[in-house]
Structures are given as C-alpha cells and as structure tokens.
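In my numbering, the protein residues as written are -15 to 612.
The beta-carbon is built from N, C-alpha and C at its ideal position, and this holds for glycine as well.
Source: prediction; values computed, not measured.
Taking it in order: structure first as structure tokens, then the write-up.
Spelled out as structure tokens, the structure:
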C-alpha cells in the first residue's frame, strides 16, 4: 500500500483535528472559505486564504497539542486583524547587516503584543496561551544551553532577548561575552517598553531601537530560525491594500479559486511540511464554549461548510464528459459547477460525472455463475438466519374485537352486547425496511484485489436479493489521463440499479467491473448519498469497498479530508456508512488509525482479499439483524 495515503511528509493526518481547526478559523475570520494547513511556522496567508499552523506542536501531550494549534489559529485570525501590512513591508525593506536577526526580533515582539491583545479581548483564551508560553520557555531554555557551548553569539543574543520577553524579566542574568554586556544592559532597558505596545508600528520601533544597539556587534547572522515572517505576502503590499481588498483581488484573478502556492521561505526551512486543505465539517459546539462567552457571534450551520477556495476554477467545457461554463452559486457565493445535485464544490467543483451502464458479455455470465458457486454456502446461511429472525418477530396482540380468533377471556359475552370475544395478531412484514448501496473502488490500485472483491459483492447482492431488499451497486473511478485543472472526468459504473436489484436479470453486470485509473472517493460517496436519500426505506446503508487510497488529480492528501467530510455529511442525513478496507498484506496500526480518521470505527479490515467473502458474512448479518 502506498504511504502517500497514510502519511504526508512523515506526518499523519488527523481529519477530525483539521476540521475543528478549520471551524475555529472560519468562525474567527467570519469567512466560510478559509482553509487550514500545517507548515513549520504559524502564519496567515490571505492570498490563498489559508491559516497555517505549526506542526512542531504535534507529538506532544494532547492538551499541549490542542493549546498550541488553537493559539496558532487565534494568532492567524484575531492577531492578523490587528497587524499593519505596511509596517511588515517596512521591516522587509530595512537594510541592517543582519536581517534575519532583525526580522525574527520583530516577529518575536509582535507575537508577544498580539498574544496579550487576544487574551485581553478574549480572557477565556488565557489558559491556551499559558500552555503555549510554557512550551516556548522550555524550548528557549534548552536552546540557550546549547548555544552557551558555542562560540557563535548571534543566536545566543536572540535567545537571551526571547528569554527576557517570555519571562517578562529584564534583569540580565545570561552571560554572553564582555563585548555584549554593556549593550545588553541597554537592550534590556529598552525591552521594558514592550508592556506599552499598541500597534505593529510600536513593535517595529522597538525592534529597530534594539537593532541599532547590537547590529554592529554581530559578526554573522542567525544560524537558526525561531520566528517567521511570510515575505511573499507582505512584499506584495501596496498602499491601498487591505485584507478585504486582497481577497477580492485574489478572487478576481482566479475566478473565486486559485491553486495553492507555497512560499519558498515556508519550505526551505524544513523538508517535511505537512499540507492538509479543504476541511468542511461542522463541529462548532466547542467553539462557542471556549471562544464566545457572552458574545454575539454568527455560528455556522450544518450547511455552512464551504468548499476549498484554493482550487482553480475557470470556465468549464461542455457538460457531457467535459463540464460546462454554466456554474451555479450556492448561498455563500461558492461555485458548485454543474453537479450541484451532488453538492460537489471546493476541491471537487471541476469534477464532471459520467454514468456508464456496461454491456454484459457471455464471459461475464459464466464468471458470475462461478462467483455464486464460490459463496453459495454463505448466501444460504445468511438468508436462512435472517429469515428465521424475521419469523420470530411478533407484533402486539389486539383483543376484544368483533372478529378474528376466539380469545380465552369470554367475559365480554356477558357484559357487552357487541360480543367482542375475538383477537388478532398483526401479520409481520417479511420485507425488511432497509436499503443498501455498495460502492466499489475501481481504481488501478485494486488490480490485485478486484476478483475477490467481486465475490464479496456477489455475496451481498445474492443475499439481499433473496431477502427482497432493494439495493444499488456502483463502481467509481477518475480518468487520470484526461484530468486537468479545468476538468476531472469521473465515471460511475451502474452495475445494479434499485429497480432491478431483486430480479434475476443483469446480475452478471457485476463481473464487468475492472480496475481503471484514479479514485476520488469523496465524490463517489456524495453521489451514493444522494441516491440513497431518494429512497423511502427507514434504514439506509452505504458500504464502501476500497483499498484506502484516495488518489486523483490535485486530490492526494486533500482526499483524506474530503472523504471524511463526505462520510460526516452522509451520517448527518441518517445514512450508515461502513468501509471494507482491502489489503493483501498485514495492515499496520498507522494505516488503521488513518482509516478510522476517515470512517470512524465503522471499518472492516481484510488482510488477504481471498478471505473477503467469509469476513463479509458476519458484517452483513449484523447490519440486517439491526434492521429487523
């Protein structure tokens, strides 16, 4: 199995975590299109409308991870609203000899200012920033210890300044060397002004005043990077530029979407930077409790999760197989393309859907008979068990009726002129009030699993048919060779349709399923969900057969999030989604965790696809029995 699905640059993606952070960002920025991404350094990117949180918070105790990531989001959103981009541009335009030192010094001072501003405006966040501060103090102490053993003083000087700011202690007790001692006394005296900072300009003035004292003493620039200023963003600043203007400008330049661009400064500092975009779940309850005590806020509703504004959406081509230039806007102004009935937006807004009905050949008929023979015992056992369970179901007895079977209590013969002496036992319906959709991954990665998968699908189909349960079987894939930024052609193979599912015809069409190219799982799930919502049955089940690798054009790591969101959307509408995860080898824990991130605990892991039919039988039994 490809590691691409499980890990992105050695960092496992937690879909639920990304979505919670995205909801927080949307709420604070009051922007339904904002995204969240992992980078080495926290910052907000208004050009791509992305809140970047630092992956350095990961692999810590859970409460520290939550505090670090949430405080990053607050600095990206609330903090960004209180920054002056003109001042940031001035910082970049300065001409000190040691510019890395100066830029990091400014960002250190500015982060202190913004953190305190946020805590004043939202006192409930103090606990989060306290955890953030404690981690930074520990990191600072550790780095000071390292650089005290070296003969390079630039980093040690910066760390001494950071130590004073973090601890709000401006009595110098960190020795560097004799050349720096007098300057440090003056630096620490200047640092006391940090309590009076009101704006980005104040932070800039303080950083400049300190830089004048130390620039001539430094012989080399910083070896390390502790704070980051996104230069690409602020070098684009013009005098009339505002956050709202930038967003409008960006939308005009890209037709409401733009492909994610990476700041070279963002990626040069670390080989492994996790990027996870387009999160759209609504889990806002925690937001209200933690962030909006006593405030009037616009809380997002179930339908407020918008798609990815960072996807390239230009004029689409003809509808059939190529999309169209006729796009629709949802209530939030987000483009949905021509697939609005399937709620395809954001990263999927340029998907074009084709529904294909494969022809049945004689070879398919004979192959189907062989598949039925291979699982006939499982089919018979399942059918028998479910029917027996149904036959043991009885409804309430209605007594004192004027007709029916004679009841034992004949008292009414003497007291009632209408002689209500009879009872009836309502006939139990032998038809289960349930329906199924089987969704089969037909991508190239399924080539070594497809034959056994077909047997599993046949087991489902024959059992459901015997029980007179309507169902649908669909395959899905994306054309990798035709996909581009303007159009991603996806094909839905209509193997078994509802109206024919309980009839003895077209069964062999299941055997026409063959591995194709890519798979855009989130799209297929939304298609199947909409089909199920049109059914009247009270119980709706969606079973996904997949090897767990969402892989399509511009969809690799984003596909994990998008698929998870599709599962959440289905669940909210009363559809039970279950994943059958197929693998020829032993499935490791990291893989299982990622699958659980997508589907929750509703997953069946099959190691060795030849075991699929035998492992499916208990699953189908469980689902059917809960429908009785």
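Where does residue 371 land, buried or exposed, given buried means 16+ other C-beta within 10 angstroms?
exposed
Pull up the distance between the alpha-carbon of residue 482 and that of residue 454, whole angstroms please.
Distance between the alpha carbons of residue 482 and residue 454 is about 6 Å.
Cα separation between residue 218 and residue 479?
54 Å
Hey, is the stretch 142 to 151 in contact with the stretch 160 to 180, meaning 3+ C-beta pairs nearer than 8 Å?
Yes: the two stretches touch, three or more of their Cβ pairs being nearer than 8 Å.
Mapping DSSP to helix, strand and coil, what is residue 236?
Per-residue confidence for residue 236 stands at a pLDDT of 38, beneath the threshold of 50, marking its modelled position as unreliable; the derived number appears in the next sentence. Taken through DSSP and simplified to helix, strand or coil, residue 236 comes out as helix.
Assign residue 361 to buried or exposed, taking buried as 16 or more other Cβ atoms, counted over all protein chains shown, within 10 Å of its Cβ.
With fewer than 16 other CB atoms across the displayed protein chains lying within 10 angstroms of its CB, residue 361 is exposed.
Considering residue 425, what are the terminal residues of the beta strand (DSSP E) in which it resides?
418 to 425
What span of residues does the alpha helix (DSSP H) with residue 6 cover, start to end?
-1 to 13
Bridge partner(s) assigned by DSSP for residue 431
None, per the DSSP bridge assignment.
With H, G and I counted as helix, E and B as strand and the rest as coil, what does DSSP make of residue 465?
coil
Residue 508 in three-state terms, based on DSSP
Reduced to three states, the DSSP call for residue 508 is helix.
Quick check: the Cα distance between residue 603 and residue 597, rounded to an integer number of angstroms?
If I take the Cα positions, the gap works out to 10 Å.
From the DSSP secondary-structure annotation, give me the bridge partner or partners of residue 16.
Under DSSP, residue 16 takes part in no beta bridge, so it has no partner.
Nearest residue (CA-CA) to residue 554, options 581, 534, 90, 517
517
Residue 34 - containing beta strand (DSSP E), residue span
Residue range 34 to 38 is occupied by the beta strand (DSSP E) that includes residue 34.
State the Cα-Cα distance for the pair residue 35 and residue 416, rounded to the nearest angstrom.
A straight-line Cα-Cα distance of about 48 Å links residue 35 and residue 416.
Once DSSP output is grouped into helix, strand and coil, what is the label at residue 181?
coil
If you count every other CB in all the chains shown that lies within 10 Å of the CB of residue 109, and 16 or more means buried, which is it?
buried
Under 8 Å, do residue 7 and residue 33 count as touching if we go by C-beta distance?
no
From what residue to what residue does the beta strand (DSSP E) around residue 335 run?
335 to 340
Grab me the residues of residue 154's own chain with a C-beta within less than 8 Å of its C-beta, minus the 5 sequence neighbours each way, in chain order.
Cβ within range, chain order: 148, 172, 173, 175, 176.
How far does the beta strand (DSSP E) with residue 328 in it reach, from first residue to last?
Element bounds for residue 328: n/a, residue is neither H nor E.
Which one or two residues does DSSP pair with residue 619 in a beta bridge?
Shown here, the chain extends from -15 to 612; a query on residue 619 therefore has no answer.
Going by the C-beta, is residue 134 closer than 7 Å to any heavy atom of the ligand SAH?
Of the ligands one can find in the structure shown there are none, so the ligand SAH has no counterpart to examine.
Mapping the DSSP letters down to three states, classify residue 372 as helix, strand or coil.
helix
If you reduce the DSSP assignment to three classes, tell me which class residue 573 lands in.
helix
In its own chain, which residues sit with a C-beta less than 8 Å from the C-beta of residue 207, not counting the 5 before and 5 after it?
If we look at residue 207 and ignore the five residues flanking it on each side, its Cβ neighbours are 136, 138, 139.
The beta strand (DSSP E) spanning residue 530 covers which residue range?
Looking at the DSSP string, the run of the beta strand (DSSP E) that includes residue 530 is 523 to 530.
Indicate the three-state DSSP secondary structure (helix, strand or coil) for residue 486 in the structure shown.
Coil.
Inspect the beta-carbon positions of residue 512 and residue 497 and report whether they are closer than 8 Å.
no
Using only alpha-carbon positions, find the residue among 55, 80, 606 that is nearest to residue 205.
The residue with the shortest Cα to Cα distance from residue 205 is 80.
So, with DSSP's three-state summary, where would you put residue 503?
Assignment of residue 503 by DSSP, reduced to helix, strand and coil, places it in the strand class.
N-terminal and C-terminal residue of the alpha helix (DSSP H) that residue 670 is part of
The structure shown does not extend to residue 670, since the chain is modelled only from -15 through 612, so no value can be given for it.
Is residue 615 near residue 460, with beta carbons less than 8 Å apart?
Within the shown structure, residues of the chain are numbered from -15 to 612, placing residue 615 beyond reach of any answer.
Below 6 Å CB to CB, which residues in the same chain sit around residue 519 once its five sequence neighbours on both sides are set aside?
419
Would you check if the stretch 51 to 60 and the stretch 77 to 93 touch, i.e. whether three or more CB-CB distances between them fall below 8 Å?
no
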